[in-house]
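Peer 1: The structure's right below; bear with me while I get my questions together.
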Amino acid sequence: MNGPVSIEVLRQHLIDPEICIRCNTCEETCPIDAITHDENNYVVRADVCNGCMACVPPCPTGAIDNWRTVLKADAYPIEEQFTWDVLPEQNTMAVASVDQSPVAADTSADTAGNASGIEVDTVRGSVVPPWSAAKPYVNLYTHKAPTTATVVGNYRLTDASTQSDIHHIVLDFGSMPFPVLEGQSIGVLPPGAAADGRPHHARQYSIASPRDGERPGYNNVSLTVKRVSEQHGDSIDGVCSNYLCDLKKGDVVTVIGPFGGTFLMPNHPNSHLLMICTGTGSAPMRAMTEYRRRRRLKGATGKLMLFFGARTKEELPYFGPLTNLPKDFIDTNLAFSRTPGQPRRYVQDAMRERAVDVAYMLKDENTHIYVCGLKGMEDGVLQALKEIAEQHQMDWEALWARLKKEGRLHLETY
Ligand code: NAP
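Next up, the structure:
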């Protein structure tokens with residue numbers, strides 16, 4: 001007589017190609033390199049993923065949080081996932097075999113959606129928003145059902161003498177609802193198709209304006225977009241950034257989003273913001289600063305401290321307006337890396353120079369830290385925070401864990 005048949009079942013982690021905006025956050029976050037991508041899709045290796053969930057909260061769209069019960073032997077290989085335009089339906093035969101199998105199913109990923117079960121040590125920044133953040137809307141408009149916005153402003157932010165062409169672009173949604181919070185982003189669908197004939201994927205841009213509009217009371221958002229003409233020394237055309245930089249007033253843009261549910265500012269009026277950014281990574285800092293500037297009139301007392309890096313003063317977006325903000329409202333520290341005749345200075349150098357004041361903020365549990373910009377700055381900024389904390393008798397490892405757990409350390413680097 002035959003014994004019971006052993007059927008190994010897997011709850012396979014998949015990424016929805018219809019919702020994914022290819023922002024690379026999941027691949028960056030995965031602590032065991034289970035996620036990879038080609039020019040079409042982001043995919044998960046079934047034989048590597050252990051369902052740790054570290055990638056789920058940082059995903060700005062929720063595309064990452066998809067699971068299918070499959071027989072382990074039939075798990076979808078990444079080669080097949082690369083070709084998908086939509087996720088496969090759940091195979092009901094596989095689900096039935098879980099019910100009938102005398103062998104316990106491998107349910108290592110069954111914690112899906114339970115963000116509170118995430119081991120914070122596997123990620124470098126917070127996977128939860130600040131306790132007093134407003135509740136964001138996410139994915140109101142998708143690749144399948146986008147909305148449109150009209151360009152009502154597009155001007156160059158950087159000095160005409162520099163090669164760095166950064167634009168401030170204002171998009172108006174008219175009567176279509178597009179509720180956003182500072183720190184969120186939108187997706188723009190550029191017209192045309194990629195080399196393989198498929199429509200371009202959406203490109204993600206942080207919103208540079210506060211929740212109540214670039215101009216208070218208007219249904220619009222602004223973006224900070226840098227024209228891309230080279231990468232790593234090679235000449236390339238940034239499909240979407242160049243499209244956006246060339247837009248004229250009255251042009252209509254296809255938009256999806258909003259995205260992002262963790263890189264959000266605290267609403268608590270006495271919370272302090274420690275903001276560290278480079279180049280166009282200043283977009284969310286501008287949004288938060290402007291919201292606090294408007295709100296300040298209503299009694300907010302929290303401190304704002306900004307470290308902002310660019311190659312030169314001429315390449316720093318928003319240089320003029322920023323330097324005009326009152327000193328008692330925001331403590332602004334600029335770091336220029338390529339000023340002729342001057343030594344290279346990065347944001348982390350400026351932070352070290354202001355160590356006493358940074359330490360003062362680190363000690364205050366109302367402080368929330370935001371880092372946005374080049375990937376390379378992340379290590380340098382965390383190292384500077386560690387040194388400053390330790391010089392001032394703080395246990396950095398314990399503080400870091402607490403900042404992450406309490407939604408007070410937000411990293412968004414590319
Ligand atoms: P960038 O001009 O290339 O660099 C800005 C400054 O950062 C320069 O002074 C640069 O110095 C310095 N830098 C380079 N490596 C650094 C490091 N390891 N630590 C600290 N500073 C360093 O910047 P960008 O082209 O504007 O790019 C900003 C980044 O923000 C992009 O990767 C973009 O994707 C990202 N971002 C954009 C948005 C948005 O909405 N537009 C939102 C989030 C993030 P040197 O070059 O002289 O070394």
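Residue numbers (UniProt numbering): 1 to 414. Beta carbons are placed, not taken as given, at the ideal position from N, Cα and C, and that holds for glycine.
#1: For the stretch 394-407 against the stretch 308-328, are there 3 or more C-beta pairs whose distance is under 8 angstroms?
#2: Ordered along the chain, which non-local residues of its own chain (more than five positions away) have a Cβ less than 7 angstroms from that of GLY250?
#3: Entirely within the stretch 219-296 and at least 3 residues each: give me those beta strand (DSSP E) ranges in chain order.
#4: Decide yes or no for the touch test of the stretch 278-297 against the stretch 190-200: beta carbon pairs closer than 8 angstroms, at least 3 of them.
#5: Run the CB neighbour count on MET351, radius 10 Å, all protein chains shown included, and call it buried at 16 or more, exposed below.
#6: Determine which residues share a DSSP beta bridge with ARG11 and list them.
#7: Out of VAL9, CYS20, GLU214, ILE207, which one is the CA nearest neighbour of ASP74?
#8: Classify THR53: buried if its beta carbon has 16 or more other beta carbons within 10 angstroms, exposed otherwise.
#9: On the DSSP letters alone, give me the boundaries of the alpha helix (DSSP H) that PHE319 sits inside.
#10: Give the DSSP bridge partners of MET305, in chain order.
#11: How long is the line joining the alpha carbons of ASP159 and THR312, rounded to whole angstroms?
#12: Would you be able to state if there are at least three C-beta pairs under 8 angstroms between the stretch 359-368 and the stretch 325-340?
#13: Kindly indicate the opening and closing residues of the alpha helix (DSSP H) around ASP357.
#14: What residues in its chain sit with their C-beta under 7 angstroms from that of SER175, if we drop five residues either side in the sequence?
#15: Name the DSSP bridge partner or partners of GLU412?
#16: Between the alpha carbons of GLN342 and PRO88, how many angstroms are there, rounded?
#17: Can you tell me whether ASP172 is helix, strand or coil according to DSSP?
#18: At a threshold of 6 angstroms, does residue 425 count as lining ligand 1 (C-beta to nearest heavy atom)?
#19: Cβ-heavy atom distance between ARG338 and ligand 1 below 6 angstroms?
#20: Looking at the C-beta of GLU412, does it have a partner C-beta in chain B at a distance below 7 angstroms?
#21: I need the DSSP call for THR92, collapsed to helix, strand or coil.
#22: Give me the Cβ distance between PRO146 and ILE19, rounded to the nearest whole Å; I'm assuming they're in contact under 8 angstroms.
#23: Can you give the beta carbon distance from LYS226 to GLY279, rounded, assuming they're within the 8 angstroms contact cut?
#24: Between which two residues does the beta strand (DSSP E) containing THR150 stretch?
#25: Quick one: measure Cβ to Cβ for PRO269 and THR224, integer angstroms, because I've assumed they're closer than 8 angstroms.
#26: Which residues mark the beginning and the end of the beta strand (DSSP E) in which THR162 is found?
#27: Is DSSP giving LEU189 helix, strand or coil here?
#28: Whole angstroms are fine: how far does the CA of ALA34 sit from the CA of PHE336?
#29: Please tell me whether ILE276 and VAL347 are closer than 7 angstroms, where the distance is taken between their beta carbons.
#30: Considering only the alpha carbon of each residue, which of THR339, LYS327, ILE78 lies closest to SER310?
#31: I think VAL371 touches THR413, with their Cβ atoms under 8 angstroms apart; what is that distance to the nearest whole Å?
#32: Distance check for ASN66 and ALA112, CA to CA, integer angstroms please.
#33: Straight-line CA distance for GLU214 to PRO136?
#34: Would you list the residues sitting across from SER206 in a DSSP beta bridge?
#35: Ligand 1 heavy atoms versus the CB of ARG311: any closer than 6 angstroms?
#36: Quick one: residues in its chain with C-beta nearer than 6 angstroms to the C-beta of MET377, no 5 flanking neighbours on either side, listed in chain order?
Peer 2: So, from the data block:
#1: no
#2: Start at 1 with the first residue of the sequence shown, and residue 250 comes out as number 250. So the list reads THR150, VAL151, once near-sequence residues are dropped.
#3: 220-226, 252-259, 272-278
#4: no
#5: Your numbering for residue 351 matches position 351 in the sequence shown. So MET351 ends up on the buried side.
#6: Residue 11 sits at position 11 when you count from the first residue of the sequence shown. Bridge partners of ARG11: THR69.
#7: Start at 1 with the first residue of the sequence shown, and residue 74 comes out as number 74. Nearest option by C-alpha distance: VAL9.
#8: Here the question's residue 53 lines up with position 53 in the sequence shown. Thr is not the amino acid found at residue 53; the sequence shown has Met there. Buried: at least 16 other Cβ atoms inside 10 Å.
#9: Numbered from its first residue, the sequence shown carries residue 319 at position 319. 319-323 is the extent of the alpha helix (DSSP H) around PHE319.
#10: Taking the first residue of the sequence shown as position 1, residue 305 is located at position 305. In the DSSP output, where bridge partners are listed per residue, MET305 has LEU274, ASP331.
#11: For the purposes of this step, residue 159 is taken as the residue at position 159 of the sequence shown. For the purposes of this step, residue 312 is taken as the residue at position 312 of the sequence shown. So the two alpha carbons sit approximately 10 angstroms from each other.
#12: no
#13: Stepping through the sequence shown from its first residue, residue 357 is reached at position 357. Unbroken alpha helix (DSSP H) run through ASP357: 355-363.
#14: Residue mapping note: residue 175 aligns to position 175 of the sequence shown, counting from 1. So no residue of the chain qualifies.
#15: Mapped onto the sequence shown, residue 412 falls at position 412. BP columns for GLU412 point to CYS372.
#16: The sequence position of residue 342 within the sequence shown is 342, counting from 1. The sequence position of residue 88 within the sequence shown is 88, counting from 1. When rounded, the distance between both Cα atoms is 57 angstroms.
#17: Within the sequence shown, numbered from 1, the residue matching residue 172 stands at position 172. If DSSP states are grouped into helix, strand and coil, ASP172 belongs with the strands.
#18: The question about residue 425 has no answer, for the chain in this structure spans 1 to 414.
#19: By 1-based counting over the sequence shown, the position of residue 338 is 338. Yes, ligand 1 has a heavy atom inside 6 angstroms of this Cβ.
#20: Given the protein chain composition of this structure (a single chain), no chain B is represented.
#21: As a position in the sequence shown, residue 92 is number 92, starting the count at 1. Reduced to three states, the DSSP call for THR92 is helix.
#22: The residue given as residue 146 occupies position 146 in the sequence shown. The residue given as residue 19 occupies position 19 in the sequence shown. No, PRO146 and ILE19 are not in contact; Cβ-Cβ is about 12 angstroms, not under 8 angstroms.
#23: Numbered from 1 along the sequence shown, position 226 holds the residue referred to as residue 226. Numbered from 1 along the sequence shown, position 279 holds the residue referred to as residue 279. Right, their Cβ atoms sit about 7 angstroms apart.
#24: Residue mapping note: residue 150 aligns to position 150 of the sequence shown, counting from 1. Residues 147-156.
#25: Counting from one through the sequence shown, the residue named residue 269 turns up at place 269. Counting from one through the sequence shown, the residue named residue 224 turns up at place 224. That pair is no contact at about 26 angstroms.
#26: Along the sequence shown, one-based indexing puts residue 162 at 162. It is not in any beta strand (DSSP E) - THR162 carries neither H nor E in the DSSP assignment.
#27: Along the sequence shown, read from residue 1 onward, the residue named residue 189 stands at position 189. The answer is strand: DSSP assigns LEU189 an E or B state.
#28: Against the sequence shown, residue 336 aligns to sequence position 336. Against the sequence shown, residue 34 aligns to sequence position 34. C-alpha separation (whole angstroms): 37 angstroms.
#29: By 1-based counting over the sequence shown, the position of residue 276 is 276. By 1-based counting over the sequence shown, the position of residue 347 is 347. Contact flag set, yes.
#30: Looking up residue 310 in the sequence shown gives position 310. Before going on, a small fix: residue 310 reads as Ala here, not Ser. Comparing Cα positions, the closest option is THR339.
#31: The residue labelled residue 371 in the question sits at position 371 within the sequence shown. The residue labelled residue 413 in the question sits at position 413 within the sequence shown. At roughly 7 angstroms, the Cβ-Cβ gap stays under 8 angstroms, so VAL371 and THR413 are in contact.
#32: Locating residue 112 in the sequence shown gives position 112, where the first residue counts as 1. Locating residue 66 in the sequence shown gives position 66, where the first residue counts as 1. Per-residue confidence for ALA112 stands at a pLDDT of 35, beneath the threshold of 50, marking its modelled position as unreliable; the derived number appears in the next sentence. Roughly 8 angstroms between the two C-alpha positions.
#33: Counting from 1 along the sequence shown, the entry for residue 214 is found at position 214. Counting from 1 along the sequence shown, the entry for residue 136 is found at position 136. Each residue's alpha carbon lies about 18 angstroms from the other.
#34: Residue mapping note: residue 206 aligns to position 206 of the sequence shown, counting from 1. Note: SER206 sits in a beta bridge opposite SER185.
#35: Counted from its first residue, the sequence shown places residue 311 at position 311. Indeed, a heavy atom of ligand 1 lies less than 6 angstroms from the Cβ.
#36: As a position in the sequence shown, residue 377 is number 377, starting the count at 1. Once the five neighbours on either side are set aside, the close Cβ partners of MET377 are THR278.
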